[in-house]
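Each remark here refers to the structure printed beneath this line.
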Ligand SMILES: Nc1ncnc2c1ncn2[C@@H]1O[C@H](COP(=O)(O)OP(=O)(O)OP(=O)(O)O)[C@@H](O)[C@H]1O
Ligand SMILES: [Mg+2]
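Numbering (our numbering), first residue to last: 11 to 333.
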């Protein structure tokens, strides 16, 4: 099935256009910047990049790829200012990695960077999965996909577990219809919508093998590595600090043991597991304090997680099966 070539009706006719060379080749306004510093000064890109560095632990290769993309966009801005119009660079991306490695978080930062540099009008991110795009019955998929595209237009469309879009075992799968529509829009409206696909590396590789059209439209493949134990501990510190909690010394040691054990268990989801573990520890702390109703609670009592709060986790009870 081939979707007709279209620009989504009612979606492109927004008053403000992203200020790069449009698909129609219209020249854009010169912002006056002639140096990289001037572009940086005119935008909040540096601030977004600094925040990315500061807030996200590890992810070195990811951060360096994001910097490369930002550099490309800054240079493109300078080119446009001098009237060296070219087609907008292709910015569709694929983020591969295991659960909880920061893909959604980085995609949101990416949307901000793209917005700061004028590649998308609004910098919002619409996160979807297959079910938001693909219908159950004939004729349902195109309207669903178009509705999502309409919402995402001017920003970033983030498709999580994108490999589910393609189900080779099902001959009449409607996912293919959604893919066709996406491909059209990714090509024709790439100056107003950036698509980021996300998913496990091996499954995305298989998906691209079966969908070469999609593969050829993705300019940037970025791999999110699993976190090392010290990185996970540091991520925990970031999360605790952001919420005004802390681990006392014994809890810190217990939490490091927790991470070591949890990492080897099934369904470990990197930073997401850290977040969940801290949530549960917080719950136990609350029960612990609650059990002592007449105790005057200091700020320190209320913000400290102790070893007991960590060690009560099931992770310490599960018998480790040695290989
Ligand atoms: N490098 C990091 N430093 C600090 N916090 C992080 C980091 N990576 C992820 N997090 C936090 O961990 C949680 C999970 O991250 P995120 O949702 O971005 O991962 P994901 O790869 O999209 O996971 P999933 O595949 O489960 O959707 C978020 O709360 C995020 O803020
Ligand atoms: Mg996610």
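Ideal Cβ placement from N, Cα and C applies to all residues, glycine included.
beta-carbon residue i near ligand 1 non-hydrogen atom, thresh 6 Å
i, result
"residue 252", "no"
"residue 66", "yes"
"residue 231", "no"
"residue 245", "yes"
"residue 315", "no"
"residue 277", "no"
"residue 282", "yes"
"residue 69", "yes"
"residue 8", "There is simply no residue 8 to check, as the chain begins at 11 and stops at 333 in what is shown."
"residue 248", "yes"
Residue i beta carbon near ligand 2 (any heavy atom closer than 6 Å)
i, result
"residue 139", "no"
"residue 111", "no"
"residue 114", "yes"
Extent of the continuous beta strand (DSSP E) to which residue i belongs
i, result
"residue 163", "No beta strand (DSSP E) contains residue 163, which DSSP labels as neither H nor E."
"residue 148", "Neither: residue 148 is in no beta strand (DSSP E) and is coded neither H nor E."
"residue 208", "204-209"
"residue 137", "135-138"
Residue range of the alpha helix (DSSP H) that includes residue i
i, result
"residue 106", "Not the alpha helix (DSSP H): residue 106 falls in the beta strand (DSSP E), residues 103-107."
"residue 65", "55-65"
"residue 236", "It is not in any alpha helix (DSSP H) - residue 236 carries neither H nor E in the DSSP assignment."
"residue 174", "Where residue 174 is concerned, there is no enclosing alpha helix (DSSP H), given that its DSSP letter is neither H nor E."
"residue 281", "280-300"
"residue 185", "185-198"
"residue 181", "Neither: residue 181 is in no alpha helix (DSSP H) and is coded neither H nor E."
"residue 115", "113-126"
"residue 223", "222-227"
"residue 268", "259-273"
Nearest-angstrom beta carbon gap, residue j and residue i [assumed within contact, 8 Å]
i, j, result
"residue 1", "residue 167", "The structure shown does not extend to residue 1, since the chain spans only 11 to 333, so no value can be given for it."
"residue 204", "residue 130", "6 Å"
"residue 317", "residue 261", "5 Å"
"residue 80", "residue 55", "6 Å"
"residue 243", "residue 110", "That belief does not hold up - the Cβ atoms of residue 243 and residue 110 are roughly 15 Å apart, past 8 Å."
"residue 103", "residue 206", "5 Å"
"residue 251", "residue 313", "Incorrect: roughly 10 Å between the Cβ atoms, too far for contact."
"residue 140", "residue 185", "7 Å"
"residue 188", "residue 151", "5 Å"
"residue 233", "residue 133", "That belief does not hold up - the Cβ atoms of residue 233 and residue 133 are roughly 24 Å apart, past 8 Å."
CB contact below 7 Å: residue i versus chain D
i, result
"residue 184", "Checking the listed chains, one finds no chain D in this structure; it contains a single protein chain."
- Task: Could you tell me whether the stretch 74-89 touches the stretch 133-149, where touching means 3 or more Cβ pairs closer than 8 Å?
- Result: no
- Query: Using 8 Å as the threshold, is the stretch 227-241 in touch with the stretch 292-299, meaning 3 or more CB pairs across them?
  - Reply: no
- On the three-pair Cβ rule with 8 Å, is the stretch 253-269 touching the stretch 216-232? no
- At least 3 beta-carbon pairs within less than 8 Å: the stretch 194-210 vs the stretch 120-130: yes
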